[in-house]
Amino acid sequence: MTCSAGQSCCYSPWLTTDRSIFRTVCANLVHLAAESVKENAQKMRGLSTRCVQGDGPQKAGPAVEPIFQTSTFVFENQQEMLASVIGKSDKHVYTRWSNPTTRNVETRLSALEHTEGSLMFSSGMAAISSAVFAMVHNGERVLSCDSIYGGTLHLFEDILPQSGISVDFVGLDELVDSISDSNGRHRMCYFETPTNPTLGIVDVRAVAQASREAGMLSVIDNTFATPINQRPHEMGIDIVIHSATKYLGGHSDIIAGSVSADEVHLAKVRKAARLLGGTPDPFAAFLLDRGIKTLALRMERHNSNAGYLAEKLSEDSRIRKVYYPGLRSHPRYEIACRQMDGFGGMLAIDLDCNLETTERFVDSLQLFLNAVSLGGVQSLASIPAITTHYGISDSVLERMGISKSTVRLSVGIEDPEDLLTDITTALSVVS
């Protein structure tokens, strides 16, 4: 081959003697470009898509992950088993360690929380206790906001001190400054936002930054918000915990929990989890995976229903106070707007009455079922002082903003007008 000047081109022997190499290189470049486009498309997937299909390519095989209802897994020989036991192979050994059904839902959780990995647990409390015991040791301290779930509060006050772990509680308004003033005294900062049950709001980015500067691990219970409304890891939080019993499962038919984090932290939690044994059942993992697929769709209705009720109830003179971060009257409304994509399906109300009358109000509800827990498709009502926060001293309850007339409402996905009628009718019974 010659160029226009009549001279032999330096690359002509390569083109003439081995055109297959050229075609192979071109094919590889096209393949790499296609893979890059596919990878970018996966990274750009929206939350609804990630709920349904995760953020990776769909594998050939069943469209729904099967239930591997087995306690143990069989190997060809002892050396193959040993490789898995010591971590040189990713094959499953024993369901207390890992299980294909469980791992599938863990991958989906990581896609939603934008973390390197996730672990599923048998309950939210198993997730919390495993994370804390994995990261905090004898002689170390935890800094916690004082407005937290009652079960977590009892764990921090009654169980952790038995293992030599101390917990210091501070108010929501004091949390960020307390982190900055810690001077290395605390190993972990633990908080919720929105808080249970009075929907207090903590500035997630401020906590993440202060914790990072103080060399402190930041841990959040993200149950009330869900990853649809709030993704704390994207805002700098180290470990994200869920009671997956609630919105992630969504149908009040499983008990489960989860921890999501980068692998450096998750490896420590995984080691503790295997020994503490808060192992999820494969069937629960299957149901959780199914629940997550409709999470984005359900949260749209939870958000809109709760927002509708909060606005209407805030106009009712029979209700002393409505707690909901989506109300402009909420003291931290602007922070909630900055860090949340939706305000959730939880709200609380304070009635202007005593405990006995408050009980009659809850007992008079028809659509709001008289039950603890939250996050399911059915609406639920409970009185925190005699349920989730039972046994906590009056002084602590007062500090948390909980009175004997506080009612926590988990707003489901029913017709909002029917839910409002249910509440106003019950109010009329006790007025």
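According to my numbering, the sequence shown is numbered sequentially starting from 1158. For each residue, glycine too, the CB sits at the ideal point set by N, CA and C.
- Runs of the alpha helix (DSSP H) lying entirely within the region 1241 to 1283 and spanning at least 4 residues, in chain order: 1257 to 1270.
- If you ignore the 5 residues before and after F1225, its C-beta comes within less than 7 angstroms of the C-beta of N1256, P1257, T1258, P1439, all in its own chain and listed in chain order.
- Given a length threshold of 4 residues, each whole run of the alpha helix (DSSP H) inside the region 1428 to 1478 is given here in chain order: 1439 to 1450, 1452 to 1470.
- Here V1361 is not near T1352, since their CB atoms are 8 angstroms or more apart.
- In the same chain as M1238, and ignoring 5 residues on each side of it, the C-beta atoms closer than 8 angstroms to its own belong to F1232, V1250, in chain order.
- For N1527, the three-state secondary structure derived from DSSP is strand.
- Across the structure, M1201 and Y1547 are spaced so that their CA atoms are roughly 45 angstroms apart.
- The Cβ atoms of D1303 and F1278 do not sit closer than 8 angstroms to each other.
- Within the model, the alpha-carbon separation for L1524 versus D1579 is close to 6 angstroms.
- F1326 carries a strand assignment under DSSP once its states are collapsed to helix, strand and coil.
- DSSP places H1399 within a strand segment (E or B) once states are collapsed to three.
- In this structure, the alpha-carbon of S1301 lies about 42 angstroms from that of K1216.
- Distances from the alpha-carbon of T1383 to those of N1527, A1291, G1407 put G1407 closest.
- Under the DSSP assignment, I1412 falls outside any beta strand (DSSP E); it carries neither an H nor an E label.
- For I1385, the enclosing alpha helix (DSSP H) has its first and last residue at 1383 to 1386.
- For L1310, the uninterrupted alpha helix (DSSP H) run begins and ends at 1307 to 1311, by DSSP.
- Inter-residue distance for A1284 and R1517 is about 35 angstroms (C-alpha atoms, whole angstroms).
- Counting C-beta pairs closer than 8 angstroms gives fewer than three between the region 1432 to 1446 and the region 1306 to 1315, which falls short of the contact rule.
- Comparing alpha carbon positions, the residue from G1328, I1336, Q1236, G1296 closest to S1320 is G1296.
- By the CB criterion at 8 angstroms, I1570 and R1458 fall inside the cutoff.
- Annotation for L1204: the continuous alpha helix (DSSP H) segment containing it runs 1204 to 1210.
- Membership of I1559 in any beta strand (DSSP E) is not indicated, and neither H nor E is assigned to it by DSSP.
- Residue pairing by DSSP places R1298 opposite S1323 in a beta bridge.
- The C-beta distance from A1371 to S1339 rounds to 5 angstroms, short enough to fall under 8 angstroms.
- A distance below 7 angstroms between beta-carbons, with the five flanking residues on each side excluded, links N1527 to the following residues of its chain, in chain order: V1519, D1520, A1538.
- Boundaries for I1377: no alpha helix (DSSP H) harbours it, while the beta strand (DSSP E) harbouring it runs 1374 to 1378, taken from the DSSP string.
- I1492 is positioned such that its CB atom lies closer than 8 angstroms to that of I1358.
- Comparing C-alpha distances from E1513 to each of G1203, S1588, V1221 shows the shortest one belongs to S1588.
- Per the DSSP secondary-structure output, Y1347 pairs in a beta bridge with S1301, V1376.
- Three or more Cβ pairs closer than 8 angstroms define a contact, and the region 1491 to 1508 meets that threshold against the region 1464 to 1483.
- Between the alpha carbons of T1544 and G1532 lies a gap of roughly 16 angstroms.
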